[in-house]
Every structure is written in C-alpha cells, then in structure tokens.
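*Asks:* Submitted below is the structure of interest, expressed as structure tokens.
Number of protein chains: 2
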Amino acid sequence: MQSRYFTITDYPQGTPQRELFELHSTELPEVTDGEVRIRNTWLSVDPYMRGRMSGVKTYVDPFKLNEPLEGAAIGEVIESRDSRFKVGDKVRHMAGWRDIAQLKADILEPLPEIEVPEEAYLGVLGMPGMTAWTGLNHIARIREGDNVLVSAASGAVGSLAVQLAKARGGTVVGIAGAPEKLAWLESIGITAVSYRGKDAQQLSADLKEACPTGFDVYYENVGGTCLEAALDNLRVGARIAVCGLIADYNAEKPSSAPGNLAMILIRRARMQGFIIFDHWTEYPHFLEEVGPLVAKGEIDYEETVEEGLERTPDAFLKLFDGANKGKMLVRL
Amino acid sequence: MQSRYFTITDYPQGTPQRELFELHSTELPEVTDGEVRIRNTWLSVDPYMRGRMSGVKTYVDPFKLNEPLEGAAIGEVIESRDSRFKVGDKVRHMAGWRDIAQLKADILEPLPEIEVPEEAYLGVLGMPGMTAWTGLNHIARIREGDNVLVSAASGAVGSLAVQLAKARGGTVVGIAGAPEKLAWLESIGITAVSYRGKDAQQLSADLKEACPTGFDVYYENVGGTCLEAALDNLRVGARIAVCGLIADYNAEKPSSAPGNLAMILIRRARMQGFIIFDHWTEYPHFLEEVGPLVAKGEIDYEETVEEGLERTPDAFLKLFDGANKGKMLVRL
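Quick mapping for you: the protein sequence lines, in order, are chains P and W.
Take the UniProt record's numbering: the final residue in the first sequence is number 332, and no numbers are missing along the way.
Take the UniProt record's numbering: the final residue in the second sequence is number 332, and no numbers are missing along the way.
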C-alpha cells in the first residue's frame with residue numbers, strides 16, 4: 001500500500017513559501033508484530049510547527065529535511081498486528097501530514113468515548129483545548145472574578161480560553177482582527193477589540209476602554225503589539241501565560257520587543273512560558289472537565305477545514321495570515 | 001531647632017541634574033505628645049527613588065515637589081514624648097534626606113539587637129538585603145544546586161544575592177563593570193563577567209562560557225543588554241526575579257527591549273517582578289536567617305560612603321553611573 005506524505009526541502013527564513021513543501025509517495029513495508037496501519041481521516045496544522053521548521057532545537061526537535069513531516073492526526077485502524085487495536089478503531093497519533101500511517105501501537109491513543117465529532121480531539125478536546133485550559137488554570141492560575149485578556153481570541157486556543165475564562169465571572173476581552181471574528185466573540189458574550197491598523201498605544205487605549213480596571217490575567221498567543229498593549233493594562237499581581245508568540249514565528253530578525261517591560265516590575269506581574277507537552281499528564285483532568293461541556297454543546301468551537309491531503313501546506317500557511325477561525329484542520 | 005532637608009524643584013526627564021536638588025532649612029515646631037525628634041546618623045540613597053521623581057504613581061507615590069524628600073535613615077532619639085522611645089535610642093525610619101527628623105513614634109522601628117554596625121540596617125540587613133533574600137527565596141524559589149546569575153552583582157542587593165546563592169551550591173555568576181568590582185566578586189568565589197563594551201551577543205557568549213549548562217535563576221537588577229544576554233542562557237524551567245531595571249530608570253524613551261523574549265516560551269521560564277514593600281512581613285524571618293551570618297562576619301558586605309548631608313544628591317546620582325560598590329550611604 002502507498003503512503004503519500006509531505007516533506008520540506010529546506011529550513012525557511014521568514015514566511016515559508018508554498019514551494020517549500022513537497023508531496024511524495026512511498027510503498028509501505030508489511031505490517032510487523034506490534035505495528036498498526038492507519039488511514040488518517042483528519043490532520044491538524046498548528047502554529048508551533050513553524051518552530052520545527054527552523055532547523056534548530058527549541059523545545060521539540062526540528063523536522064528532518066526530506067522526511068515525512070509530523071503533527072497530530074486522527075485515523076482509523078485498517079490493519080493491526082497488536083492485540084490492543086483492531087480494524088475500525090479510531091486513534092489519535094502524531095504521524096500527520098500523510099494519508100496512511102504505519103506505527104508502533106505503543107504511540108497510539110485510542111479516542112476517548114465522549115459523544116463529539118472525532119475531529120474535536122484535534123481541537124477543542126485536543127492539544128489546543130488542553131493548552132487553553134492549562135494556561136488559564138495551571139500557569140495563570142485564574143481565580144473567580146479575574147478580568148482576563150486573550151490575544152488571538154478566536155483561534156483554536158484562544159476561543160476556548162475566552163469561554164473558560166468567562167465562566168469564572170470576570171470581564172473577558174478578546175483581541176482579534178477580522179470583523180467576523182470580532183462578531184463571533186461578541187456573539188458569545190466576549191468584549192472584542194480589533195488590533196487591525198493600530199499601534200501599541202492605540203490598542204492599549206482600546207483595551208483600557210474595554211476594561212478600565214485592568215487585567216488580572218493575560219493569555220498570550222501573539223506577542224508584539226498585543227503584548228505591549230497588554231503590559232500597559234495589567235493590574236497589580238497580574239499573571240501572563242505565554243502560550244505562543246505567533247507574531248514572531250516568521251520574523252527574520254528578532255521582533256521589536258515591548259519597550260514597556262518595566263510594567264512587569266511596576267505591576268509585580270508574573271510572565272510564564274509553557275509548553276503543553278510538559279503538562280500532558282493532566283489531560284484526563286482536562287477531558288473530565290471540558291469534555292462534557294463540549295458534548296452538551298455549551299462550548300462554541302469553530303473549525304476551518306481544508307479538503308484533501310494536497311491542501312495541507314495551504315492550511316498550515318493560512319495560520320500566519322489569520323485566515324482561520326478556530327481550529328484549522330485538513331479532512332482527508 | 002533647625003532641620004535641614006533636600007527637595008526637588010521639578011520632575012526630571014532623563015538623568016537628573018545636580019541642580020534639581022535644593023537644600024532648605026526650617027525651624028521645627030515643639031515636639032508634641034506621641035512625637036519623637038531624631039538626629040539622623042546615616043541616610044540611604046537607592047535606585048528606586050528615581051521612580052518617585054517621575055511625577056507619576058508607579059508602585060509608590062511620587063515625591064512632592066518642594067517638600068522634603070524621603071528615604072530610609074537611621075538616627076538617634078534626641079527628644080521623645082512617647083513612652084516607647086527614650087533619648088539615645090537608635091531607630092530606623094523613612095524620613096531621610098535631612099539631618100533632624102520629627103515623627104510620630106508609630107512609624108519608627110527600633111533597631112534590632114544584633115551585634116553589627118548600625119548602618120548595616122540600611123544595607124545588608126535593611127531593605128537591600130531583604131530584597132536580595134526575598135527575590136531568591138520567594139520569587140525565584142531557589143533550590144539546592146541551582147545555577148544563578150545576578151546582574152549588578154556588586155551592588156547593595158546583588159552582593160548579598162550572590163553570597164546567598166552561592167551557599168546553595170550551584171554555579172553563581174555575577175555581572176559587573178569596574179575591574180575592582182569584578183575582583184571583589186572573584187575574591188568571594190563568584191565567577192565575574194564584565195558587561196563593559198559588550199553588546200548583548202558578546203555578553204551572552206561570555207555568560208555561556210562562564211556557565212555552559214545555563215542558569216536556573218536570574219536575579220535581575222539591570223535590564224537592557226543584561227536581560228537579553230541572560231534570556232539566551234536560561235535552562236528549561238528557569239525563574240527570573242525582576243528586582244530592578246536600573247538601565248531604564250533615566251531613559252527618556254522606552255528602552256530597546258530584548259528581542260529574544262521568546263526564550264520565555266522556549267525555556268518555559270517564569271519572569272516575575274516584585275516590590276519589597278509587599279513582602280515586609282517576612283522581615284523577621286530574613287533577619288533571623290541572615291542577621292547571624294552578618295554578625296559572624298560570614299557575609300562580605302561593602303559600603304560606599306559619602307560624608308555630610310550636602311553630599312546626599314551626589315551619592316544618589318552616583319548610583320546611576322555605577323560609582324558605588326555595595327550599599328551607597330551618606331554619613332552625617
């Protein structure tokens with residue numbers, strides 16, 4: 001059986017070009033003892049993957065050139081030589097960017113049994129959802145009544161972060177760009193602020209208007225202007241969970257960092273970076289808390305879907321111009 | 001009786017000029033019930049005072065123009081109408097920048113009874129010492145064996161921070177400028193790195209050479225180039241205690257902030273600002289731990305002393321060009 005997969009041919013500087021990605025095909029060897037063959041049904045593309053294209057080890061190893069790229073995926077077992085999996089089982093694994101995956105059974109996760117569409121396990125109940133929950137609860141240590149600011153608030157992570165924060169009772173403000181994203185935020189009761197066409201000073205003034213008493217928690221997905229404006233609007237003792245800095249990921253030079261970092265001192269604030277892989281042992285707790293909310297329809301989660309393996313690089317590249325609302329997925 | 005005191009006539013932009021400070025004299029009213037009159041013997045000048053000259057409320061109120069400046073001081077009671085204090089008692093209070101202070105007894109602290117020179121209560125056993133101890137223990141939460149980096153490592157705060165850190169057994173590196181400061185650091189077993197004439201990249205390379213495995217804790221007094229170089233050399237899970245950012249205090253524009261703030265994310269680091277006044281209830285614990293070490297001569301603390309009230313502004317201004325080694329004091 002053939003497996004088709006994407007590779008990159010070089011480590012890009014700046015914004016990756018579409019030509020960087022090459023589609024290949026290979027004949028898979030026979031399935032051996034302890035192995036499982038999977039037909040992928042959904043692939044995830046995520047901003048963190050840009051870091052793996054830089055050729056240097058950051059918190060995960062870089063992608064190897066001319067070898068299959070990796071990422072979260074969901075699929076169905078089509079052949080198994082491991083007693084834990086049988087044909088037809090739904091599994092989650094990290095061999096994305098391809099149609100057919102052949103893997104050791106040890107690294108497969110059976111999908112949890114909650115009544116939600118399977119692709120939810122790549123988004124609201126997958127890594128992005130777990131990231132939102134962990135950042136708020138374990139990094140920012142949100143408390144009842146906290147005023148919370150979230151950047152990229154309609155994205156895969158941000159859209160859950162604003163809803164979980166809102167349930168804690170304080171004012172929740174989300175930063176986003178496109179009018180339909182702002183409208184979606186307002187529709188679920190979040191005060192939406194656009195960053196478009198604004199420098200840090202203007203954005204800061206708009207955040208102040210949206211929440212005059214300032215923020216106890218800032219959930220940071222973006223960096224750059226958003227971080228600078230947020231620093232201006234912290235309350236004393238504020239906590240910043242740094243989940244991502246997508247504004248920087250394609251930068252060829254170090255970004256123009258916030259000139260007001262002294263607010264960390266003045267507001268006695270705490271800023272902490274985190275990587276979700278360090279916290280994965282908490283996944284069952286996350287699922288226990290958020291799973292039922294999703295199943296009952298109490299969480300509004302959005303997806304942007306591209307169709308077909310060939311579109312995977314396009315889906316990935318759209319993450320960096322803000323074209324996705326909610327989780328960006330590829331359906332095979 | 002006359003009291004002579006300093007005022008400022010304006011809120012300075014950039015580096016304050018000597019002419020900003022004016023010496024005045026006033027006839028004190030009679031001491032009334034509950035009041036105490038004190039002849040100050042030692043005055044403290046500290047970098048945080050620059051913040052109070054900016055005319056905006058940061059974490060303490062700004063100094064009032066044309067009124068006596070304030071700051072930590074030690075003195076001897078020369079008249080008392082409060083039963084808790086008698087003539088000859090040594091006290092600590094915040095009515096510095098003057099020779100004679102007349103205060104409500106409620107806001108005086110009797111000096112603790114440890115066999116150390118009284119001025120130690122303005123330095124190694126005063127606010128700067130308490131700041132070093134709190135930053136390491138309560139903010140950075142230092143652990144046995146941690147590699148620790150301290151900027152302004154020969155200053156009032158840094159010089160105690162390096163010694164307390166060294167007692168925990170890891171590699172301790174101190175950043176300083178002048179050759180005699182570097183020599184002092186080496187003499188007490190601290191690896192000294194000079195920042196002079198270096199950009200962040202060069203300083204970063206030197207820190208890497210001094211401690212190739214990177215730092216678990218960064219005790220930040222400076223900001224600017226030091227912060228950028230430190231961010232490059234963090235270990236995973238590093239903690240940064242932001243005590244001060246003296247590089248910025250006289251800046252007329254926002255500083256050129258570190259372009260590598262993404263290291264907070266990559267190294268899952270925590271950066272936390274703190275103000276010692278929030279932690280003052282811990283002072284007895286600090287004194288209990290560090291007081292005996294100072295009394296036994298196990299802590300090497302340096303002082304730079306200016307003589308006479310008239311020199312107080314000069315002593316203060318010297319803080320910003322690195323002219324002091326250890327605690328900067330004025331002896332009256």
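Ideal placement from N, C-alpha and C gives every residue a C-beta, glycine not left out.
Since we're looking at a predicted model, the values are computed, not measured.
Kindly list, in the order they appear in chain W, the residues whose Cβ is closer than 8 Å to that of P/Ile275.
*Replies:* Position 275 of the first sequence, counting from 1, holds the residue named residue 275 of chain P. Correct list: Leu265, Arg268.
*Asks:* Between the Cα of P/Arg239 and those of P/Lys104, P/Lys325, P/Arg143, P/Ala153, spot the shortest distance and give me the residue it belongs to.
*Replies:* Residue numbering aside, residue 239 of chain P sits at position 239 when the first sequence is read from its first letter. The shortest Cα separation from P/Arg239 among P/Lys104, P/Lys325, P/Arg143, P/Ala153 belongs to P/Arg143.
*Asks:* Using a Cβ cut-off of 7 Å, pull out every chain W residue sitting near P/Ala257, in sequence order please.
*Replies:* Counting from one through the first sequence, the residue named residue 257 of chain P turns up at place 257. Those are Ala257, Pro258, Gly259, Leu261, listed as they occur along chain W.
*Asks:* I want to know whether the segment 318-326 of chain W touches the segment 26-37 of chain W - three or more CB-CB distances under 8 Å.
*Replies:* No contact exists between the segment 318-326 of chain W and the segment 26-37 of chain W.
*Asks:* What first and last residue would you give for the beta strand (DSSP E) that runs through P/Thr304?
*Replies:* The sequence position of residue 304 of chain P within the first sequence is 304, counting from 1. That run of the beta strand (DSSP E) goes 303-307.
*Asks:* Just reading off the beta strand (DSSP E) that P/Ala101 is part of, what are its end residues?
*Replies:* In the first sequence, residue 101 of chain P corresponds to position 101, counting from 1. Unbroken beta strand (DSSP E) run through P/Ala101: 100-104.
*Asks:* Hey, P/Ala262 and W/Leu231: beta-carbon distance below 8 Å or not?
*Replies:* Here residue 262 of chain P is taken as the residue at index 262 of the first sequence, counted from 1. Here residue 231 of chain W is taken as the residue at index 231 of the second sequence, counted from 1. It is not a contact, given that the beta carbons lie outside the stated cut-off.
*Asks:* Contact between the segment 112-122 of chain W and the segment 286-303 of chain W: three or more CB pairs below 8 Å?
*Replies:* Contact between the segment 112-122 of chain W and the segment 286-303 of chain W is present, because at least three Cβ pairs lie under 8 Å.
*Asks:* Do we get a CB-CB distance below 8 Å when we pair P/Gln13 with the residues of chain W?
*Replies:* On the first sequence, position 13 is the one that residue 13 of chain P refers to. Output row for P/Gln13: interface = no.
*Asks:* Which word fits P/Pro47, buried or exposed, when buried means at least 16 other C-beta atoms lie within 10 angstroms of its C-beta?
*Replies:* By one-based count along the first sequence, residue 47 of chain P stands at place 47. Flag for P/Pro47 reads buried.
*Asks:* Beta carbon of P/Ala161, beta carbon of P/Val173: below 8 Å?
*Replies:* As a working mapping, residue 161 of chain P is identified with position 161 in the first sequence. As a working mapping, residue 173 of chain P is identified with position 173 in the first sequence. For P/Ala161 and P/Val173, no; Cβs fall outside 8 Å.
*Asks:* Would you grab the beta carbon distance between P/Leu329 and P/Ser44 for me? Rounded to a whole angstrom, and I think it's under 8 Å.
*Replies:* Counted from its first residue, the first sequence places residue 329 of chain P at position 329. Counted from its first residue, the first sequence places residue 44 of chain P at position 44. The Cβ separation is near 6 Å, so the contact holds.
*Asks:* Quick check on the burial criterion: 16 or more other C-beta atoms within 10 angstroms. Buried or exposed for W/Thr9?
*Replies:* On the second sequence, position 9 is the one that residue 9 of chain W refers to. By the neighbour-count rule (16 or more Cβ atoms within 10 Å), W/Thr9 is not buried but exposed.
*Asks:* Between W/Val91 and W/Leu108, which are expected to be in contact by the criterion C-beta below 8 Å, what is the C-beta distance as a whole number of angstroms?
*Replies:* To locate residue 91 of chain W, count along the second sequence from 1; it is residue 91. To locate residue 108 of chain W, count along the second sequence from 1; it is residue 108. Their Cβ separation, rounded to whole angstroms, is 4 Å, which keeps W/Val91 and W/Leu108 in contact under 8 Å.
*Asks:* Who are the neighbours of W/Val242 on chain P, taking C-beta pairs under 7 Å?
*Replies:* Against the second sequence, residue 242 of chain W aligns to sequence position 242. Here the neighbours are Ile264, Leu265.
*Asks:* Return the first residue and the last residue of the beta strand (DSSP E) that W/Lys327 is part of.
*Replies:* On the second sequence, position 327 is the one that residue 327 of chain W refers to. Note, W/Lys327: beta strand (DSSP E), 327-331.
*Asks:* Under a Cβ-count criterion, where at least 16 other Cβ atoms within 10 Å of its own Cβ denotes burial, should residue 351 of chain W be classed as buried or exposed?
*Replies:* Examination of residue 351 of chain W is not possible in this model, given that chain W is present from 1 through 332 alone.
*Asks:* Distance, Cα to Cα, W/Trp133 vs W/Asp106?
*Replies:* If you number the second sequence from 1, residue 133 of chain W lands on position 133. If you number the second sequence from 1, residue 106 of chain W lands on position 106. Whole-angstrom Cα-Cα distance: 26 Å.
*Asks:* Beta carbons nearer than 8 Å to chain P: which residues of the segment 146-165 of chain W have them?
*Replies:* Of all residues in the segment 146-165 of chain W, none has a Cβ within less than 8 Å of some Cβ in chain P.
*Asks:* Anyone know if the C-beta pair for W/Val236 and W/Arg268 falls short of 8 Å?
*Replies:* What you label residue 236 of chain W is simply residue 236 of the second sequence in a count that begins at 1. What you label residue 268 of chain W is simply residue 268 of the second sequence in a count that begins at 1. Contact flag set, yes.
*Asks:* Nearest-angstrom Cα distance between P/Leu65 and P/Glu22?
*Replies:* Taking the first sequence and counting its residues from 1, one reaches residue 65 of chain P at position 65. Taking the first sequence and counting its residues from 1, one reaches residue 22 of chain P at position 22. Each residue's Cα considered, the two are about 11 Å apart.
*Asks:* To be precise: take each residue of the segment 282-314 of chain W, compare its Cβ to all Cβ atoms of chain P, and keep it if any distance is under 9 Å. Which residues remain?
*Replies:* Against chain P - using a Cβ distance shorter than 9 Å - the segment 282-314 of chain W contributes no residues.
*Asks:* Give me the chain P residues within the contact set of W/Gln201, using Cβ-Cβ distance strictly less than 8 Å, ordered along the chain.
*Replies:* On the second sequence, residue 201 of chain W is found 201 positions in, with the first residue counted as 1. What W/Gln201 touches in chain P: nothing, since even the nearest Cβ is about 11 Å away.
*Asks:* Quick check: is the beta carbon of P/Leu108 nearer than 8 Å to any beta carbon in chain W?
*Replies:* Here residue 108 of chain P corresponds to residue number 108 of the first sequence, with the count starting at 1. No, no contact with chain W.
*Asks:* Does the distance from the C-beta atom of W/Glu35 to that of W/Arg4 stay below 8 Å?
*Replies:* Numbered from 1 along the second sequence, position 35 holds the residue referred to as residue 35 of chain W. Numbered from 1 along the second sequence, position 4 holds the residue referred to as residue 4 of chain W. Not closer than 8 Å, so no.
*Asks:* Starting from the beta carbon of P/Leu245, find every residue of chain W whose beta carbon is closer than 8 Å, and list them in chain order.
*Replies:* Within the first sequence, residue 245 of chain P is the residue found at index 245, counting from 1. Here the neighbours are Leu261, Ala262, Leu265.
*Asks:* Can you tell me the Cβ-Cβ gap for P/Val148 and P/Ala165, rounded? I've got them flagged as a contact below 8 Å.
*Replies:* Along the first sequence, one-based indexing puts residue 148 of chain P at 148. Along the first sequence, one-based indexing puts residue 165 of chain P at 165. With a Cβ gap of about 4 Å, P/Val148 and P/Ala165 count as contacting.
*Asks:* Suppose you measure from the CA of residue 341 of chain P to the CA of P/Val157; what does that come to, to the nearest Å?
*Replies:* This structure gives no information on residue 341 of chain P, because the portion of chain P shown stretches from 1 to 332.
*Asks:* Do the CB positions of W/Ala183 and W/Met127 come within less than 8 Å of each other?
*Replies:* Position 183 of the second sequence, counted from the start, is the residue given in the question as residue 183 of chain W. Position 127 of the second sequence, counted from the start, is the residue given in the question as residue 127 of chain W. No.
*Asks:* Where do the ends of the alpha helix (DSSP H) carrying W/Ile264 lie?
*Replies:* Within the second sequence, the letter at position 264 stands for residue 264 of chain W. Residues 263-266.
*Asks:* Measure the alpha-carbon distance for P/Ile78 versus W/Asn137 and round it to whole angstroms.
*Replies:* Walking along the first sequence from the start, residue 78 of chain P turns up at place 78. Walking along the second sequence from the start, residue 137 of chain W turns up at place 137. Cα to Cα, P/Ile78 sits roughly 56 Å from W/Asn137.
*Asks:* How would you call W/Ser187, buried or exposed, if buried means at least 16 neighbouring beta carbons within 10 angstroms?
*Replies:* Along the second sequence, read from residue 1 onward, the residue named residue 187 of chain W stands at position 187. So W/Ser187 counts as exposed.
*Asks:* Please confirm whether P/Asp278 has its beta-carbon closer than 8 Å to some beta-carbon of chain W.
*Replies:* For the purposes of this step, residue 278 of chain P is identified with residue 278 of the first sequence, where counting begins at 1. Interface residue, yes.
*Asks:* Kindly indicate the opening and closing residues of the beta strand (DSSP E) around P/Asp89.
*Replies:* Along the first sequence, read from residue 1 onward, the residue named residue 89 of chain P stands at position 89. No beta strand (DSSP E) contains P/Asp89, which DSSP labels as neither H nor E.
*Asks:* Give me the Cβ distance between W/Leu287 and W/Leu125, rounded to the nearest whole Å; I'm assuming they're in contact under 8 Å.
*Replies:* As a working note, residue 287 of chain W is residue 287 in the second sequence. As a working note, residue 125 of chain W is residue 125 in the second sequence. With a Cβ gap of about 7 Å, W/Leu287 and W/Leu125 count as contacting.
*Asks:* Using alpha carbons as the reference points, say which of P/Glu310, P/Thr225, P/Ile190 lies closest to P/Arg196.
*Replies:* Position 196 of the first sequence, counted from the first residue, corresponds to residue 196 of chain P. Here the closest residue by C-alpha is P/Thr225.
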